[in-house]
Amino acid sequence: MRFSLKPSAIAVNTILLSAMSCSTLALADEAPVALDDIEVITISNQRHNALLDNQSYAQGKTTEADLSNWLSSVPGANVNSNGPITGIAQYRGLFGDRVATTLDGHPMIGAGPNAMDTPLSYSTPLIVDSMTVYRGIAPVSAGMNTLGGAIDVQMRKAEKMNTDKVQASGDVQAGYRSNNSAATMSGVANIAKGDVAVLVYGNSQAGDSMESGDGTLIEPTDFDKVQAGFDVRHATENNTVGLSYHYTDTTDSGMPALPMDIEYIESHRFNLDGDFMVSDWQGEWSLGYLDADHGMTNFLMRANSNPMKHRRNTALADTTDFKFVISKSFSFGELSFGTDGYFATHDSVITNPNNPMFEVVNFNNVKDERIAIFTEWQNQFDQTTVQLGVRVKQAKANADEVSSSMAMMSMPNMGGGMDMGSGMDDGMGMDDEMAMPSMGELAQDLQDDFNDADRKVSDTNVDIALSTQTQLSEPLSLYVGLGIKNRAPSYQERYLWTPMEATGGLADGHTYIGDINLKSETAYQADLGLTYQSSEFMIAPHVFYQNIDNYIQGTPMQMEDMSAKRMAAMMANDDNPLKFSNVDAKLYGADVNWYYNINETFQMSGIVSYVKGERRDISDNLYRIAPLNGQLSFSYHNDSMISNLTLVAVSSQDDVSVTNTEKTTSGYGLINFDIEYFVNSALTLRGGVDNLLDREYQNHLGGYNRVKEVATPVMNRLPSEGLSAWVEATYSF
552 MRFSLKPSAI AVNTILLSAM SCSTLALADE APVALDDIEV ITISNQRHNA
602 LLDNQSYAQG KTTEADLSNW LSSVPGANVN SNGPITGIAQ YRGLFGDRVA
652 TTLDGHPMIG AGPNAMDTPL SYSTPLIVDS MTVYRGIAPV SAGMNTLGGA
702 IDVQMRKAEK MNTDKVQASG DVQAGYRSNN SAATMSGVAN IAKGDVAVLV
752 YGNSQAGDSM ESGDGTLIEP TDFDKVQAGF DVRHATENNT VGLSYHYTDT
802 TDSGMPALPM DIEYIESHRF NLDGDFMVSD WQGEWSLGYL DADHGMTNFL
852 MRANSNPMKH RRNTALADTT DFKFVISKSF SFGELSFGTD GYFATHDSVI
902 TNPNNPMFEV VNFNNVKDER IAIFTEWQNQ FDQTTVQLGV RVKQAKANAD
952 EVSSSMAMMS MPNMGGGMDM GSGMDDGMGM DDEMAMPSMG ELAQDLQDDF
1002 NDADRKVSDT NVDIALSTQT QLSEPLSLYV GLGIKNRAPS YQERYLWTPM
1052 EATGGLADGH TYIGDINLKS ETAYQADLGL TYQSSEFMIA PHVFYQNIDN
1102 YIQGTPMQME DMSAKRMAAM MANDDNPLKF SNVDAKLYGA DVNWYYNINE
1152 TFQMSGIVSY VKGERRDISD NLYRIAPLNG QLSFSYHNDS MISNLTLVAV
1202 SSQDDVSVTN TEKTTSGYGL INFDIEYFVN SALTLRGGVD NLLDREYQNH
1252 LGGYNRVKEV ATPVMNRLPS EGLSAWVEAT YSF
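Count the sequence shown with the numbering used here and you get residues 552 to 1284, in order.
Okay, here's the thing in structure tokens:
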């Protein structure tokens, strides 16, 4: 099942959920069978009151700093939030690298080793055409690592007008959010003549720190982000070629759940893509390049009175990606063949601006290279549509030698006065002013062990996905999905050589070390869903289960890791450091979405999601799993207005990870209200209030506070945003 979230060409924020019944898949014999037609649910913006039957409502606001909150409208989906622009997509309990998140099919490989520049932060609402989430078993064509599902954000493209005269159109949008005084300005313009079109856009977003329901200042949660770019496209009857460029400049953005805050993230993204038709074959191709430069500190946005504990981490990432797919309809169905991959390089160096002698080379010229070939077949048999895909993929990784100024302490006469690093103060796993020869010896041992190891590794894996959809009766259809999915370890899980918290945004407060010889994760997946749909009512429950062998999880260090364990205890005050290890796990649960059209103007809709994640090798739960949650919306619309009243209910989460010393959270309920008014064909006004009752609550996925000298104690759960009114205006020309 696929979800698509589409912002309007004039207003990002009214997103309407429609479900396609299986009967829409009954194509004529001569028509090709689309490979993504298995039980599609589309969330799309509608201009004015062009409301179709069988719809419910979801939201995405321009005053939000990234796109991750759009996922709240998708059953089974959620967001791990470490700060205002660090939304990490979670689907059915899996998150991070396990969820393939792409922009226009391009994998977004961030520079930050702690996922400060998440894939969904590399875009902005006004320039997004759609967000697609595959429900159930994601097809193999959806991405390299789809063990946890797949999300694709489609950007708006330049549109040709088929006229000899120059035609221009576009949107200008402004928004404001009261709680943190967040202001947004966006503009996009499309200029076209003949077969050529150019789209240009710009966006500015900035906000102060938020306040919780009881007035607690959640700091630092300031953010400041500018994005701009263009898309140039030439389109004829049989082929299209496009070139796009996207620039992102993020500065001074707080990350209270992480050891450091964003000093800057500057990225340049170039994409070249096209589609073509040769004989009866249809094809599409793309090339992409992303250059990201990321700086973070523990002293510019948060209190740190000891200059010897100041840290700056400078991280770089370069990624080149490609994709080529061809497809053709045969008498036995539609068949497609494809190849894709990416080649990423990562570097990370930690320094102290007050001590030029201090340096830790955390990741040095790390190579993460992944290529694959895949094929998919889909056909219609009477009332059943079948889709089968196979992907063969290879992951290669390597890293150059690392170094640390701390290792110099093992040398004679180097035992005193060295700047040692930081622990809870900056979270990078080191503590200053501990002039112990044994500290230098430990650092030297870890450095030598890593540099002497065979760091070049290669994994070959196979993904298989089978999805079927059967029309049992006119209103009732059955979805069955089975899959075997694999994920090779991330570079942090392999090459984190000294105890640190550079863990891809886990944010559990523990220091970790990696394991070069980790095995790939293998998930055996099953999904069963029913969809009942009439002209007035729709409900689509799904149940799912997956067994994951070699699940990568932090586990307590053993005797062979004693150097790292002692170093973590001495430098980070972490008496429970963890090592990325292969364990066994399982996840299971259910989610449902539904709507009921009361009459032509009133509608009720809702979603409910539940997932349980457990270790199979020991009695423990998986870390950072969303609790049982749901939404109930009441909607009204007429010729010029759409309004929504949404009740959000989240259960307590007691099934927490003992290994990660995860804390439980209480349940809560929220009330949100929004209204959209179409003034005329050009102007749309929208506003609303989130957390209408100003409820004080803690989101289980919101992380722990890592900032000293603020209202929330260190390692207590961060509070969430209190009452916030917001307004937006969009003018189209």
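A virtual CB, placed ideally from N, CA and C, is assigned to each residue, including glycine.
Just so you know, these numbers come straight off a predicted model, no measurement behind them.
Do residue j and residue i have their beta-carbon atoms positioned less than 7 Å apart in this structure?
{"i": "N864", "j": "F827", "result": "no"}
{"i": "L654", "j": "V704", "result": "yes"}
{"i": "G644", "j": "V1162", "result": "yes"}
{"i": "P1092", "j": "T767", "result": "no"}
{"i": "V747", "j": "H797", "result": "no"}
{"i": "T1212", "j": "A1119", "result": "no"}
{"i": "T1073", "j": "N1124", "result": "no"}
{"i": "G721", "j": "V739", "result": "yes"}
{"i": "L618", "j": "L671", "result": "yes"}
{"i": "S1184", "j": "N730", "result": "no"}
{"i": "T871", "j": "Y840", "result": "yes"}
{"i": "S1114", "j": "L993", "result": "yes"}
{"i": "S1202", "j": "L1179", "result": "yes"}
{"i": "A868", "j": "I660", "result": "yes"}
{"i": "N631", "j": "A808", "result": "no"}
{"i": "D648", "j": "S1041", "result": "yes"}
{"i": "Q934", "j": "Q1020", "result": "no"}
{"i": "N1189", "j": "T1152", "result": "yes"}
{"i": "A1039", "j": "D1000", "result": "no"}
{"i": "N1267", "j": "N1256", "result": "yes"}
{"i": "V1159", "j": "G1181", "result": "yes"}
According to DSSP, which residues form a beta bridge with residue i?
{"i": "E910", "result": "T902"}
{"i": "G753", "result": "G738, A779"}
{"i": "W1048", "result": "Answer is none; W1048 lacks a bridge partner."}
{"i": "W1145", "result": "I1090, G1157"}
{"i": "G1239", "result": "D1225, W1277"}
Distance check for residue j and residue i, CA to CA, integer angstroms please.
{"i": "D898", "j": "G1065", "result": "16 Å"}
{"i": "E910", "j": "Y1282", "result": "51 Å"}
{"i": "V900", "j": "I1103", "result": "25 Å"}
{"i": "E710", "j": "W836", "result": "19 Å"}
{"i": "Y673", "j": "S1191", "result": "33 Å"}
{"i": "N1068", "j": "A719", "result": "56 Å"}
{"i": "D759", "j": "M852", "result": "12 Å"}
{"i": "N1309", "j": "E814", "result": "The structure shown does not extend to residue 1309, since the chain spans only 552 to 1284, so no value can be given for it."}
{"i": "T896", "j": "N1148", "result": "51 Å"}
{"i": "Y1219", "j": "A1262", "result": "21 Å"}
{"i": "S755", "j": "F873", "result": "30 Å"}
{"i": "V1278", "j": "V912", "result": "46 Å"}
{"i": "S956", "j": "T902", "result": "10 Å"}
{"i": "A950", "j": "R1006", "result": "6 Å"}
{"i": "M990", "j": "G834", "result": "58 Å"}
{"i": "A734", "j": "R728", "result": "7 Å"}
{"i": "N1133", "j": "F914", "result": "22 Å"}
{"i": "D715", "j": "P904", "result": "59 Å"}
{"i": "H819", "j": "D782", "result": "14 Å"}
{"i": "L622", "j": "G780", "result": "25 Å"}
{"i": "Y608", "j": "T1197", "result": "Bear in mind that the predicted position of Y608 carries a pLDDT of just 40, short of 50, making it unreliable; the figure below should be weighed with that in mind. One C-alpha to the other measures close to 9 Å."}
{"i": "H845", "j": "G745", "result": "41 Å"}
Thinking C-alpha only, which one of the options is nearest residue i?
{"i": "P664", "options": "A1276, S623, E1052, T1215", "result": "E1052"}
{"i": "V1258", "options": "A1115, M806, S623, G656", "result": "M806"}
{"i": "F774", "options": "D1000, M761, V749", "result": "M761"}
{"i": "G638", "options": "G721, G1253, E1279", "result": "G1253"}
{"i": "S1086", "options": "Y1146, F781, D1112", "result": "Y1146"}
{"i": "E1247", "options": "A1233, P635, S1217", "result": "S1217"}
{"i": "Q995", "options": "T772, P1026, T1049", "result": "T1049"}
{"i": "N1231", "options": "K1214, L1027, F1284", "result": "F1284"}
{"i": "N916", "options": "F883, Y1083, Q1043", "result": "Q1043"}
{"i": "D1135", "options": "P626, G1157, D1100, N629", "result": "D1100"}
{"i": "D891", "options": "D869, D1168, R921, N1012", "result": "R921"}
{"i": "G1105", "options": "T1054, M1155, Q641, L1138", "result": "T1054"}
{"i": "Y642", "options": "V625, K1137, N633", "result": "V625"}
{"i": "K1137", "options": "F1153, M1122, L1079, N1098", "result": "N1098"}
{"i": "N1002", "options": "M1108, E952, N906, M908", "result": "E952"}
Exercise. Three or more beta-carbon pairs under 8 Å between the region 679-687 and the region 944-954, yes or no?
Worked result: no
Exercise. Contact between the region 1242-1249 and the region 1219-1229: three or more CB pairs below 8 Å?
Worked result: yes
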